[in-house]
Every structure is written in C-alpha cells, then in structure tokens.
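Asker: Dumping the structure here so I can ask a few things about it.
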Amino acid sequence: MKNREFEALKNEICGIANRLEGPYHPSEYRLVMLPMLVLRRLDCVLEPTKEDVLAVVRGTKSRRVSEDEMDRRLGRAADPNRKHPLYNTAPSTLVQLLDDPENIAPHLTDYIAGFSPTARGIFECFNFADQIERLDAANRLLVIVDAMIGIDLHPDKVDNIRMGELFEHLLIRFNQEVGHAPADNFTPRDVVRLVANLALAGEESTDKPDVLRKIYDPVCGTGGMLAEAEKIVIERNNGVKPKIFGQDRSLEAWAICCSNMLLKDDDTANFALGDTLCEGGEGGVFEGECFDYMMANPPWRFNWGRLGGGIGREHESKGFAGRFGAGLPSNHDASLLFLQHMISKMRPYEEGSGGRTGSRIAVILGGSTLISGGAGSGSSNIRRWIIENDWLDAIVALPEQVFHSTDAHAYVWLVTNSKPRERRGKVQLIDATGFFQKMEKNLGSKRNEISKKDILRIIQVYDEFRDGDIVKMKLEGAGGSRVVSRIVANHEFGFLKIVIEHPLRMNFEASPERISRLEFQRAFTNLATMENRIGGGAEDENEMGRRLQSSVRKLLAKMEERGRYNDRLSFDFDVDEAAKSDGLSMPRTLKMAIFAALGERDPKAEICRDVGGKPEPDTELREIEYIPLPHLPPSTMGFGPDTSNDLLVELFKEHIDDYVKREVLSGFPDAWVDYKKTKIGYDIAFSPLFHVRTEPRPIPQIKKAVAKLETGIVGALQDLAA
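Spelled out as structure tokens, the structure:
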C-alpha cells in the first residue's frame with residue numbers, strides 16, 4: 058500500500074471512530090476500534106471460503122467427530138495450506154449481518170463465537186462482548202459495523218507491517234486528542250526499522266535451504282519490531298525461515314500482536330502474555346530457549362521494585378546461573394534487567410564451528426544506563442560484565458525528539474557474543490544524532506524522523522568501523538562535517554575507585570568552653586537519661602549517672618592548668634591517671650566522648666594512632682580518586698558487594714601505587730590507600746568523545762555586539778522615560 062493510500066485509510070478509520078462521540082469518551086475509542094479492525098480483517102480473509110467451512114459443518118452434524126478432528130477439518134476447508142487453523146462457523150459473514158439490523162447485536166455475538174479457538178480468545182482479551190452491548194444500547198453498533206464493512210483490510214491490501222502501524226497510529230491519536238501522552242510501549246516505525254537493521258547487520262547469506270532463525274522481543278507490543286526484522290531477514294536471504302517469539306504485559310497490545318501472527322499462520326503460542334521480568338518463574342516464560350536475534354524497547358523509568366521480591370531472590374539464589382547474576386540496577390529503572398534477560402537467551406558461540414552460532418541483540422536504552430551507579434553498584438557491575446566479556450559491540454546515539462512520549466536522549470546498544478575478529482576487544486560509538494529529517498506534522502513529542510536514507514548512512518558507518526569517521530551533514534541549518542564514529546578499547550571504559558586516607562591530627566585542651574561540649578555528646582548525656590524499664594531501677598541508675606557526670610566535669614576542670622596537648626596519647630594517659638586518682642571507673646565510650654568534646658583538628662599536632670600503633674584516618678580529609686583502568690584482563694574477578702576484592706588489589710596494586718606516588722604523596726607524604734575499599738567501575742562517557750570545540754569569537758566582534766546591546770538598552774530606557 059502506497060503512503061498516500063495509507064494516509065487516506067488512517068483518516069477513514071479515524072472518521073469512523075469519531076462516530077462514537079457521545080456514548081464514548083475519545084480515550085475509550087480504542088475499546089471499540091481495535092477489536093473492530095481485527096474483526097473486519099479476519100472477515101476479509103475468511104469470506105472467500107465461508108461456504109466451504111459451512112459445508113463441513115453441515116456434513117458432520119450427524120456424525121460423532123472429536124473436537125481436534127473437527128478443528129483440523131474446518132481449518133483445511135478455510136485454507137488447506139495453513140498449519141494453524143483459522144475459520145468461522147457462524148452461518149453469516151459480517152456483511153450478511155446487516156440483513157437483520159434489528160438483531161445486529163446477538164448476530165454479531167454469535168459471529169464472534171463461531172471463530173476458531175485462538176481467534177475467539179483474542180476477542181475475549183479485548184472484552185468485546187461488553188462493548189457490543191454498550192454500542193447496541195447507544196444505537197451505534199449498526200452504524201459502526203456498516204462503516205467498517207466498506208473497508209478492505211485483507212492482508213493482500215494492507216500487509217502486517219502496515220496494519221501494525223495503523224493500530225499504533227490510532228492508539229497514539231486517541232491519546233493525543235484527550236491531551237494524554239502517546240503510548241509509551243509503541244516505538245515509532247522509523248526507529249523500529251533502524252533497530253531491526255542494526256540487529257541484523259552482518260547477516261551472512263546462505264545457500265542452505267530452510268535455515269531457521271529465531272527472533273525474540275521480550276516487550277513486543279503489537280509486534281512491530283518482530284515484523285520488521287522478519288521482513289528484513291526474508292528480503293536478504295530467501296533460504297532463511299524466521300521464527301518469531303514475543304511477550305508483553307499489555308492485554309490489548311498482546312491481542313493485536315496475536316491477531317497479526319494468526320493471520321501470518323505463525324504459532325500464537327510463541328507469544329506470551331505477562332511481565333517478562335517476573336512471570337514464568339526464574340528464567341522467564343521461554344526458559345531454556347535461545348534466539349539468534351533479539352531486539353526491544355523496554356519501558357523507561359519502570360520501577361521494577363514494585364514487582365515483588367522475585368527478581369532479588371533470583372539474583373541472590375541463582376547468581377550467574379540465573380538471569381540477573383551481574384547485579385541489580387536502581388529500583389526506578391529496569392532497563393538493564395531487560396538487557397540481562399536478553400543476554401541469558403543468547404545462543405552459545407563456538408569459535409570456528411561449522412554452523413551459524415551466537416546471537417545479536419539491539420535494545421533501546423535511556424542515557425542513564427551509560428553512567429548511572431557508582432563503582433561496584435549494580436548498574437556499573439552490569440556494564441562491567443558485558444564489556445569484560447567482550448559482548449558490547451556498538452552503541453548508537455539516536456537523534457532527539459524521535460519518540461512519541463519523550464524527548465529524552467536514547468541509545469541503541471548492540472550486544473553480541475559473536476563479534477568478528479576485527480571488532481574484538483573494542484566498542485564502536487556512533488553519533489547518529491544528526492541523521493534525521495524534520496516531520497511535516499508533530500506527533501506528540503516526535504518532531505523528527507529517521508528516513509530510510511538516514512538508516513542506510515548509519516548502517517554504513519557501522520559497517521565501515523572507522524575511528525574518527527567524518528560525515529557531511531546539515532548542522533543547525535547550515536552545511537558542515539561531524540565526527541560520527543569512535544572506536545574505544547574495552548578497558549578504556551573502566552576505572553578504579555580508590556580511597557585516600559589522611560592521618561587524624563588533633564590537639565586537646567580541658568578549657569571551660571570545650572568541657573561544655575560534653576553536653577552534646579550522646580555517650581555523656583545518656584549517663585543520666587535511662588528510661589524506665591521492667592522491674593524499675595532506672596531512676597537509681599540516672600542518679601548514679603548524674604554523679605559520674607559531675608565527677609568527670611570536676612576531673613577535667615582540674616586538668617585545665619595543664620594547657621594544650623598536641624598528642625592524644627599523652628592526653629589519654631593523663632586522663633586515666635586523673636581518673637585513677639579520683640577513684641573513677643571510666644568506660645571506653647565515655648572516654649571517646651571526652652576526646653570528641655575536648656579535641657580539635659590541628660594539622661600541627663601529632664598523628665592519632667589506634668591500639669596497634671597504626672595511624673587513624675581523618676574522615677573529613679578522606680579523598681576519592683578515580684584511576685583509568687590499565688590494559689589488563691580483569692575478567693576473572695567476581696561481582697557483587699559481597700565479593701572479596703583481594704584479587705583486584707593484587708592485580709592492580711602496582712598501578713595504584715604508581716598513581717598515588719605520582720599524584721598524592723608528593724603533596725601529602727603521610728597519606729595512604731585503604732585497599733579494602735578499592736572498587737572497579739565502568740562508565741560509558743559517550744558525549745565527551747564527540748565534543749566539538751567551538752572557537753570563541755574575535756574580541757573586536759564581541760565588543761561590537763556588546764556596544765549594540767548597550768545602545769538597544771539605552772534606547773529602551775529612554776522610551777520608558779518619555
């Protein structure tokens with residue numbers, strides 16, 4: 058179908074939907090129009106063989122035939138070439154229902170009940186029976202059915218890809234008309250085409266017949282990405298037979314997807330209803346299944362913490378034997394969980410094996426997934442796991458304003474376990490933000506679209522795999538050139554987070570002002586604030602505590618004449634001697650409260666040391682340093698907060714010490730590294746690698762611009778004063 062015809066079809070369908078105004082709010086139009094479109098499409102397919110199906114029904118009325126056998130016979134009568142039966146046993150076609158307009162509602166209900174089980178289940182998902190009653194009560198049912206009959210939706214006229222576009226267009230339009238954001242789970246078709254082409258980049262042709270390729274989308278919506286990927290696979294290689302799988306939690310989207318798959322004679326059992334992350338048990342619905350190609354646009358800002366504790370339990374109990382072994386991202390963004398789920402479905406790759414092995418993943422993720430989480434966090438560990446396993450092939454930055462419901466930055470991650478030799482150990486970053494064209498009419502937040510020409514240019518940049526690749530394009534309305542490709546070694550994304558400690562140095566003085574600070578030390582005030590407890594005795598203990606507080610104040614007041622101590626060890630010794638002289642028993646917690654109240658940081662004082670003689674760190678002087686990861690293979694190190702970092706320190710200690718000696722010890726010779734707190738992290742700092750430095754304007758030009766502004770301001774002020 059040509060674009061002009063398709064636009065006319067969309068307008069015609071929307072015109073029919075507008076006839077629902079009154080009994081239905083615009084936000085409810087989808088409740089009627091989506092199942093009506095499916096109904097009319099199925100009717101167009103089944104109408105030519107309707108009499109053949111009815112002949113089978115009449116011929117078996119007096120015979121005892123099993124349900125399975127009857128299903129097979131009816132399916133063959135409707136279309137002998139189908140593997141999955143699709144038929145309708147109602148005595149009339151949709152057009153013939155108009156012959157009895159007074160009874161249109163019961164006839165339509167009977168018509169839907171006559172569909173084969175799978176098709177009938179789709180209408181049950183739409184809950185269309187309730188809408189038939191509502192339409193009939195409002196005298197709109199006949200109007201809508203009559204209007205829909207005039208539209209030819211046969212797959213020969215409107216293919217599945219166009220039909221998917223039509224469904225999504227209607228959902229977006231219905232939401233827009235009531236001021237709602239367009240549906241989040243529908244990816245614009247231009248973005249779908251780009252993602253599918255990226256996922257299938259490098260697909261080799263084969264002369265072998267009937268080669269099977271399995272394609273999977275864990276958040277398939279109405280099946281747009283799957284349909285596009287299937288089309289590309291077939292176009293590139295007629296010897297390949299795609300088999301597609303999908304899952305979605307939206308009942309409407311899943312029903313639409315299944316209706317399209319049913320018409321294509323695909324097995325609807327390959328499309329699951331439910332949440333990919335938590336339904337179907339550990340491993341998901343398709344546990345044990347592997348796929349050649351996977352692509353998805355997971356929901357952004359999806360709070361996976363609300364799904365219950367199943368994800369956390371799988372992470373803790375199964376580790377890397379499950380789907381989420383690398384880590385758990387923050388609760389408010391499940392994107393990296395979806396990616397881990399997809400990675401768990403990759404087909405194993407064996408170097409030099411005969412058949413095609415391995416998998417390719419193309420997934421749309423938000424910008425936060427590049428850098429969210431610090432070193433050792435779940436998000437950082439997930440990035441680390443992917444990069445250190447050399448699965449991250451490329452990341453493509455998409456243009457702004459290409460999605461219906463958001464103008465946030467988005468990126469396509471390409472992940473594969475079968476990198477070509479020349480791409481191993483490296484990641485290609487592609488800046489495709491300039492590959493777009495303005496739309497004639499905005500659609501929600503979508504103001505730009507990625508044309509077929511743009512997709513070809515992006516794929517070309519990917520295929521050529523050149524660092525510093527420069528492409529000419531329009532930049533802010535003018536011609537120019539831009540670097541669109543960077544090749545980065547895997548280890549360059551990694552860094553070491555080290556903690557630099559400085560020794561605690563304090564002076565101590567028993568002055569009245571410092572002694573008064575004891576009233577702000579909990580260990581001191583708690584001596585006289587015991588709460589009542591079972592059996593009593595709290596007041597007696599409070600009285601004892603008050604006496605101890607008074608004794609401590611007197612003891613310290615007598616030490617005022619000794620002046621300032623620059624060594625905590627000497628001060629500690631004198632406090633102990635004074636307490637012994639006064640017959641006081643001083644708990645360690647009380648001693649620490651005295652140190653905190655009477656002590657002040659002093660860079661000229663002696664270092665405070667623990668009982669073992671080691672310097673104590675000053676938490677106020679603690680520093681965090683980030684060191685680039687050297688080109689070493691750290692992939693043998695574990696992940697997770699409970700994993701020992703002994704191997705990490707052993708591997709990188711020399712590198713850390715060289716950095717500290719060069720950058721820290723020259724200015725702070727008594728500083729040291731707390732190796733126990735060393736962590737490894739991975740960030741993908743995308744934008745800085747493509748930053749274009751703009752030369753400042755010449756000073757005379759700036760002066761001229763400032764003078765012009767001043768003249769304008771003076772003129773405006775004179776006008777106000779006039």
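So the sequence shown is numbered by the numbering used here: it starts at 58 and just counts up by one.
Using N, Cα and C, we set each Cβ at its ideal position, and we do this for glycine too.
Predicted, not measured: the structure shown is a model, and the values here were computed from it.
(1) What did DSSP end up calling residue 526 once you bin it into helix, strand or coil?
(2) From 211, 366, 394 and 159, pick the residue whose C-alpha is nearest to that of residue 275; which is it?
(3) Using a Cβ-Cβ cut-off of 6 Å (strictly less than) and excluding sequence neighbours within five positions of residue 239, which residues of its own chain qualify?
(4) Taking just the CA atoms, how far does residue 391 sit from residue 369?
(5) For the putative contact between residue 346 and residue 402, defined by C-beta atoms under 8 Å, what is the C-beta separation to the nearest angstrom?
(6) Leaving out five residues on either side along the sequence, give the residues of the same chain with a beta carbon under 6 Å from the beta carbon of residue 289.
(7) State the DSSP-derived secondary structure class of residue 453, mapped to helix, strand or coil.
(8) List the DSSP bridge partners of residue 305.
(9) Count the other CB atoms, across all protein chains shown, that sit within 10 Å of the CB of residue 194; report buried if there are 16 or more and exposed otherwise.
(10) Identify, in the order they occur along the chain, each residue of the same chain with its Cβ nearer than 7 Å to the Cβ of residue 171, setting aside the five sequence neighbours on each side.
(11) What beta strand (DSSP E) runs, 3 residues minimum, are completely inside the segment 429-498?
(12) Residues in its own chain within less than 8 Å of residue 224 by CB, not counting five upstream and five downstream?
(13) Do residue 175 and residue 136 have their CB atoms nearer than 8 Å?
(14) So, using beta-carbon positions, are residue 185 and residue 208 closer together than 8 Å?
(15) Figure out for me which residue from 243, 65, 542 and 778 has the closest Cα to the Cα of residue 503.
(16) Tell me the DSSP secondary structure of residue 189 in three-state form.
(17) Taking just the CA atoms, how far does residue 771 sit from residue 777?
(18) Where does residue 118 sit, in a helix, a strand or coil, going by DSSP?
(19) Thinking C-beta only, is residue 300 closer than 8 Å to residue 271?
(20) Under 8 Å, do residue 400 and residue 556 count as touching if we go by C-beta distance?
(21) Using the Cβ count rule (16 or more neighbours within 10 Å means buried), how would you classify residue 592?
(22) Give me the Cα-Cα distance between residue 621 and residue 657, rounded to the nearest whole angstrom.
(23) So within the segment 596-670, which uninterrupted alpha helix (DSSP H) runs reach at least 4 residues, ignoring any that extend past its ends?
(24) What does the alpha-carbon distance come out to for the pair residue 113 and residue 132?
(25) Indicate whether the contact test is met: 3 or more Cβ pairs, each with one atom in the segment 557-571 and one in the segment 607-625, closer than 8 Å.
(26) Is the Cβ-Cβ distance between residue 366 and residue 439 less than 8 Å?
(27) In whole angstroms, what is the alpha-carbon distance linking residue 396 and residue 318?
(28) Considering only DSSP beta bridges, list what residue 729 is partnered with.
(29) Going by other Cβ atoms of all chains shown within 10 Å of its Cβ, with 16 needed for buried, is residue 527 buried or exposed?
(30) What's the gap between the Cα of residue 303 and the Cα of residue 287?
(31) Given residue 211, which residues of its chain have a CB within under 7 Å of its CB, disregarding the five upstream and five downstream residues?
(32) Anyone know if the C-beta pair for residue 359 and residue 273 falls short of 8 Å?
(33) My output table needs one value for residue 272: the three-state DSSP class, helix, strand or coil.
(34) If I follow the unbroken alpha helix (DSSP H) through residue 183, where does it start and stop?
(35) Compute the Euclidean distance between the alpha carbons of residue 447 and residue 378, then round it to the nearest angstrom.
(36) Considering only their Cβ atoms, is the gap separating residue 639 from residue 608 smaller than 8 Å?
Answerer: Concretely, from the data shown:
(1) Position 469 of the sequence shown, counting from 1, holds the residue named residue 526. Correct three-state label for residue 526: strand.
(2) By one-based count along the sequence shown, residue 275 stands at place 218. Closest option to residue 275, Cα to Cα, is 394.
(3) Taking the first residue of the sequence shown as position 1, residue 239 is located at position 182. Any reading at residue 239 must be qualified, since the residue scores a pLDDT of 44, below 50, and its modelled position is unreliable; no value is offered.
(4) For the purposes of this step, residue 369 is taken as residue 312 along the sequence shown, with counting starting at 1. For the purposes of this step, residue 391 is taken as residue 334 along the sequence shown, with counting starting at 1. It is roughly 12 Å from the alpha-carbon of residue 369 to the alpha-carbon of residue 391.
(5) On the sequence shown, residue 346 is found 289 positions in, with the first residue counted as 1. On the sequence shown, residue 402 is found 345 positions in, with the first residue counted as 1. So it is a contact: roughly 6 Å between Cβ atoms.
(6) The residue given as residue 289 occupies position 232 in the sequence shown. Only 253 and 257 meet the Cβ criterion.
(7) Reading the sequence shown from its first residue, position 396 is the one you call residue 453. In this structure, DSSP gives residue 453 an extended state, which the three-state scheme calls strand.
(8) One-based indexing of the sequence shown puts residue 305 at position 248. Note: residue 305 sits in a beta bridge opposite 330.
(9) Position 137 of the sequence shown, counted from the first residue, corresponds to residue 194. Classification of residue 194: exposed, given that the 10 Å Cβ count is below 16.
(10) Here residue 171 refers to the residue found at position 114 when the sequence shown is read from its first residue. Same-chain partners within the cutoff: 145, 146 and 147.
(11) Listed in chain order, the beta strand (DSSP E) runs fully inside the segment 429-498 are 449-454, 467-473 and 483-488, counting runs of at least 3 residues.
(12) Stepping through the sequence shown from its first residue, residue 224 is reached at position 167. Correct list, in chain order: 91, 94, 279 and 313.
(13) Taking the sequence shown and counting its residues from 1, one reaches residue 175 at position 118. Taking the sequence shown and counting its residues from 1, one reaches residue 136 at position 79. The Cβ-Cβ distance between residue 175 and residue 136 does not fall below 8 Å.
(14) Stepping through the sequence shown from its first residue, residue 185 is reached at position 128. Stepping through the sequence shown from its first residue, residue 208 is reached at position 151. Going by C-beta atoms, residue 185 is not nearer than 8 Å to residue 208.
(15) Position 446 of the sequence shown, counted from the first residue, corresponds to residue 503. Out of 243, 65, 542 and 778, 243 has the C-alpha closest to the C-alpha of residue 503.
(16) Here the question's residue 189 lines up with position 132 in the sequence shown. The answer is helix: DSSP assigns residue 189 an H, G or I state.
(17) Start at 1 with the first residue of the sequence shown, and residue 777 comes out as number 720. Start at 1 with the first residue of the sequence shown, and residue 771 comes out as number 714. Straight across, the Cα-Cα distance linking residue 777 with residue 771 is about 10 Å.
(18) Taking the first residue of the sequence shown as 1, we reach residue 118 at position 61. Three-state result, residue 118: coil.
(19) If you number the sequence shown from 1, residue 271 lands on position 214. If you number the sequence shown from 1, residue 300 lands on position 243. It is a contact, given that the beta carbons lie within the stated cut-off.
(20) Taking the sequence shown and counting its residues from 1, the one referred to as residue 400 is at position 343. Taking the sequence shown and counting its residues from 1, the one referred to as residue 556 is at position 499. The criterion of a C-beta distance shorter than 8 Å is not satisfied by residue 400 and residue 556.
(21) For this step, residue 592 is matched to residue 535 along the sequence shown. The predicted model places residue 592 with a pLDDT of 48, which falls under 50 and marks its position as unreliable; any figure quoted below should be read in that light. With fewer than 16 other Cβ atoms inside 10 Å of its own Cβ, residue 592 counts as exposed.
(22) Stepping through the sequence shown from its first residue, residue 621 is reached at position 564. Stepping through the sequence shown from its first residue, residue 657 is reached at position 600. Residue 621 and residue 657: Cα-Cα distance of roughly 11 Å.
(23) Taken in chain order, the complete alpha helix (DSSP H) segments of 4 or more residues contained in the segment 596-670 are 625-638 and 645-655.
(24) The count along the sequence shown starts at 1 and reaches residue 113 at position 56. The count along the sequence shown starts at 1 and reaches residue 132 at position 75. Taking the straight line joining both Cα atoms gives about 10 Å.
(25) Yes: at least three Cβ pairs fall under 8 Å.
(26) Here residue 366 is taken as the residue at index 309 of the sequence shown, counted from 1. Here residue 439 is taken as the residue at index 382 of the sequence shown, counted from 1. Note that the C-beta distance between residue 366 and residue 439 is not below 8 Å.
(27) Here the question's residue 396 lines up with position 339 in the sequence shown. Here the question's residue 318 lines up with position 261 in the sequence shown. So the two alpha carbons sit approximately 25 Å from each other.
(28) Counted from its first residue, the sequence shown places residue 729 at position 672. DSSP output for residue 729 lists 558 as bridge partner(s).
(29) Numbered from its first residue, the sequence shown carries residue 527 at position 470. Residue 527 comes out exposed.
(30) Mapped onto the sequence shown, residue 303 falls at position 246. Mapped onto the sequence shown, residue 287 falls at position 230. Their Cα atoms are separated by approximately 13 Å.
(31) In the sequence shown, counting from the first residue as 1, residue 211 sits at position 154. In the same chain as residue 211, and ignoring 5 residues on each side of it, the C-beta atoms closer than 7 Å to its own belong to 101 and 102, in chain order.
(32) Sequence index remark: in the sequence shown, residue 359 carries index 302 (1-based). Sequence index remark: in the sequence shown, residue 273 carries index 216 (1-based). Contact annotation: residue 359 and residue 273 have beta-carbon atoms that are not nearer than 8 Å.
(33) For the purposes of this step, residue 272 is identified with residue 215 of the sequence shown, where counting begins at 1. Note: residue 272 maps to strand in three-state DSSP.
(34) If you number the sequence shown from 1, residue 183 lands on position 126. Judged by DSSP secondary structure, residue 183 falls within the alpha helix (DSSP H) whose first and last residues are 174-183.
(35) Looking up residue 447 in the sequence shown gives position 390. Looking up residue 378 in the sequence shown gives position 321. Cα to Cα, the separation comes out at about 19 Å.
(36) Looking up residue 608 in the sequence shown gives position 551. Looking up residue 639 in the sequence shown gives position 582. The criterion of a C-beta distance shorter than 8 Å is satisfied by residue 608 and residue 639.
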